[in-house]
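First residue of the sequence shown: 36, per the numbering used here; consecutive thereafter.
We put the beta carbon where it would ideally sit given N, CA and C, even for glycine.
All figures in this text were calculated on a predicted structure; none of them were measured in a lab.
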Amino acid sequence: MKEKKAHCKGKLLLTGEYLVLDGATALAVPTKKGQSVSLSSLKDYKENDVPELFEKPSVDSPYLKEYSEPTLIWQSFDYKNNCWFEATYNLNYLSPKEYKDFKIALQVSRLLQSCRALNPAFLKEKTDCVIKTQLDFPNNWGLGSSSTLTAGIAEIANINALELHFGCFNGSGYDVAVSMEQKPVLYTLFEGKPIVEPVTFNPTYRKYLWFIHLGEKQNSTLEINKYRKRKHISASDIYHISDISNHVLKCQDLHEFEELIKEHESIIAKVLDRPNIKTLMFFDYPHAIKSLGAWGGDFILATGTEDDMDYFRSKGFDTILSYEEMVWGRFS
């Protein structure tokens with residue numbers, strides 16, 4: 036079996052959260068950290084003939100053995116190289132055989148079966164094989180553990196990642212598009228079809244942009260389902276969010292950027308009928324703050340100087356990354 040490997044970048048949604056599901060244009064950027072995916076034969080894997088992007092594999096797992104029928108062994112590792120999920124699958128049907136967690140094993144099975152539906156030759160070898168995944172970031176950072184997996188599996192299966200996404204998940208797909216392009220994108224769903232426009236986003240004021248982790252991870256699927264229960268989203272709101280996305284892309288002035296994200300927060304707060312994060316938690320912070328992605332968890336964006344970040348540290352938020360520490364790209 037020829038070894039296959041992929042590394043897909045994570046994502047941050049700067050504009051367009053929620054309304055991207057209804058056709059608003061969103062601006063998203065790739066992150067430096069992401070997820071690696073590898074497919075190799077069991078023999079090569081046990082002999083450590085694995086992609087250089089991985090650390091030495093754990094070969095003492097009870098799953099890493101010879102099987103009487105062609106078998107896929109799946110191992111998922113966190114950013115500290117701890118194996119948090121293992122399962123085996125019948126290669127003929129891609130159905131779970133042994134597993135640590137049945138719910139996750141079933142989700143992986145459906146993902147693999149969807150890959151084969153798009154590429155019937157996927158995993159048709161009669162040789163025991165291993166798929167290994169490894170995150171570069173803590174799972175609760177919300178940088179796209181599912182989307183980077185989708186993009187990575189699609190790459191090794193030689194299929195379109197967005198087709199795979201729409202066959203398995205209920206999100207807009209912007210996160211998968213960022214992982215595919217590995218650069219900033221403007222993303223729009225038009226009549227249910229994705230329009231992906233790779234763009235250059237290199238703000239001159241980036242040294243005043245900071246990402247603060249709130250210590251929680253939002254359930255994206257749950258948030259999407261709650262949003263979709265809302266009765267009506269106005270065309271005006273969709274238009275204004277799209278307009279803000281395009282203006283943010285072109286903006287080269289910090290004050291203008293702050294005004295744009297304040298307006299964005301106001302619109303989304305009205306749509307969701309809930310207070311924005313600054314009103315809720317940081318009302319006395321002197322500069323602009325914006326939620327990123329599903330409201331209430333993961334990272335927020337704040338403008339300010341490095342000294343201004345002491346405000347958040349004083350409140351117990353110690354995971355703070357600069358724009359250049361977080362975002363993938365060339366800055367010059």
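How would you write the range of the alpha helix (DSSP H) that L158 sits in, first residue to last?
Taking the sequence shown and counting its residues from 1, one reaches residue 158 at position 123. Careful: L158 lies outside any alpha helix (DSSP H) and carries neither H nor E.
On the DSSP bridge assignment, give the partners of Q169 in chain order.
For the purposes of this step, residue 169 is taken as the residue at position 134 of the sequence shown. Looking at the DSSP assignment, Q169 forms a beta bridge with S71, F112.
P321 burial status per 10 Å Cβ neighbour count (16 or more: buried)
Sequence index remark: in the sequence shown, residue 321 carries index 286 (1-based). P321 comes out exposed.
Would G364 pass as a contact of F172 if the rule is Cβ separation under 8 Å?
Position 329 of the sequence shown, counting from 1, holds the residue named residue 364. Position 137 of the sequence shown, counting from 1, holds the residue named residue 172. It is not a contact, given that the beta carbons lie outside the stated cut-off.
Helix, strand or coil for T338, going by three-state DSSP, please let me know.
One-based indexing of the sequence shown puts residue 338 at position 303. Three-state result, T338: strand.
Is the segment 234 to 244 touching the segment 326 to 346, taking contact as three or more C-beta pairs under 8 Å?
Cβ pair count under 8 Å is three or more, so yes.
Which residue or residues does DSSP assign as beta-bridge partners of H374?
Since the first residue shown for the chain is 36 and the last is 367, residue 374 is missing from the structure and cannot be characterised.
Rounded to a whole number of angstroms, what is the C-alpha to C-alpha distance between R348 and H267?
Taking the sequence shown and counting its residues from 1, one reaches residue 348 at position 313. Taking the sequence shown and counting its residues from 1, one reaches residue 267 at position 232. Distance between the alpha carbons of R348 and H267 is about 39 Å.
Tell me the DSSP secondary structure of I191 in three-state form.
Along the sequence shown, one-based indexing puts residue 191 at 156. I191: helix per DSSP, three-state reduction.
So, is N311 buried or exposed, given that buried needs 16 or more other C-beta atoms within 10 angstroms?
To locate residue 311, count along the sequence shown from 1; it is residue 276. Buried is the call here.
Can you look up I247 in the DSSP assignment and give me helix, strand or coil?
As a first step, residue 247 is located in the sequence shown; it is residue number 212 there, counting from the start. Strand.
Within 10 angstroms of the Cβ of E190, are there 16 or more other Cβ atoms? Answer buried if so, exposed if not.
Your numbering for residue 190 matches position 155 in the sequence shown. E190 should be labelled buried.
Is C43 near S207, with beta carbons less than 8 Å apart?
Start at 1 with the first residue of the sequence shown, and residue 43 comes out as number 8. Start at 1 with the first residue of the sequence shown, and residue 207 comes out as number 172. Not in contact: C43 and S207 (Cβ atoms no closer than 8 Å).
Closest Cα partner of W330 within the set K285, G339, T50, A41:
Stepping through the sequence shown from its first residue, residue 330 is reached at position 295. If we check each option's Cα against that of W330, T50 comes out closest.
Which whole-angstrom value describes the C-beta separation of K161 and P105, a residue pair presumed to lie in contact below a C-beta threshold of 8 Å?
Residue mapping note: residue 161 aligns to position 126 of the sequence shown, counting from 1. Residue mapping note: residue 105 aligns to position 70 of the sequence shown, counting from 1. Between K161 and P105 a beta carbon distance of about 5 Å is seen, short of the 8 Å cut, so the two are scored as contacting.
Could you give the DSSP three-state label for H275: helix, strand or coil?
One-based indexing of the sequence shown puts residue 275 at position 240. It is helical.
G187 burial status per 10 Å Cβ neighbour count (16 or more: buried):
Residue numbering aside, residue 187 sits at position 152 when the sequence shown is read from its first letter. It is buried - the Cβ of G187 has at least 16 other Cβ atoms within 10 Å.
Applying the criterion that 16 or more other CB atoms from any shown protein chain within 10 Å of the CB defines a buried residue, is Y209 buried or exposed?
Here residue 209 corresponds to residue number 174 of the sequence shown, with the count starting at 1. Buried: at least 16 other Cβ atoms inside 10 Å.
Determine the DSSP secondary structure at K264, reduced to helix, strand or coil.
Against the sequence shown, residue 264 aligns to sequence position 229. Per DSSP, reduced to three states, the secondary structure at K264 is coil, with no helix or strand assignment.
Considering only residues of the same chain and omitting the five flanking positions on each side of F112, which have a CB-CB separation below 6 Å?
As a working mapping, residue 112 is identified with position 77 in the sequence shown. In its chain, beyond the 5 residues on either side, C118, Q169 have a beta carbon closer than 6 Å to the beta carbon of F112.
Straight-line CA distance for S447 to E291?
Residue coverage of the chain in this structure runs from 36 to 367, which leaves residue 447 outside it and unanswerable.
Can you find the residues in the same chain that come closer than 8 Å, C-beta to C-beta, to I355, ignoring five residues on each side of it along the sequence?
Position 320 of the sequence shown, counted from the start, is the residue given in the question as residue 355. Correct list, in chain order: W245, F246, I247, H248, M344, F347, R348.
By the 10 Å Cβ neighbour count, where 16 or more other Cβ atoms means buried, how is F225 classified, buried or exposed?
Position 190 of the sequence shown, counted from the start, is the residue given in the question as residue 225. Burial call: exposed.
Go ahead and pull the three-state DSSP assignment for S214.
Counted from its first residue, the sequence shown places residue 214 at position 179. Three-state result, S214: helix.
Nearest by alpha-carbon distance to D136: which of W109, R309, L47, W176 is it?
Here residue 136 corresponds to residue number 101 of the sequence shown, with the count starting at 1. Between D136 and the set W109, R309, L47, W176, the nearest pair of CA atoms involves W109.
Leaving aside the five residues before and after G328 along the sequence, list all residues of the same chain whose C-beta is less than 6 Å from its C-beta, in chain order.
On the sequence shown, residue 328 is found 293 positions in, with the first residue counted as 1. Counting only Cβ-Cβ distances below 6 Å, and skipping sequence neighbours, we find L48, E52.
What does DSSP give as the partner residues of I355 in its beta bridges?
If you number the sequence shown from 1, residue 355 lands on position 320. Per DSSP, I247.
If you draw a straight line from the alpha carbon of G227 to that of S144, how long is it in whole angstroms?
One-based indexing of the sequence shown puts residue 227 at position 192. One-based indexing of the sequence shown puts residue 144 at position 109. Each residue's Cα considered, the two are about 26 Å apart.
Outcome for G250 when other beta-carbon atoms lying within 10 angstroms are tallied against a minimum of 16:
Translated into positions along the sequence shown, residue 250 becomes position 215. By the 10 Å Cβ count, G250 comes out exposed.
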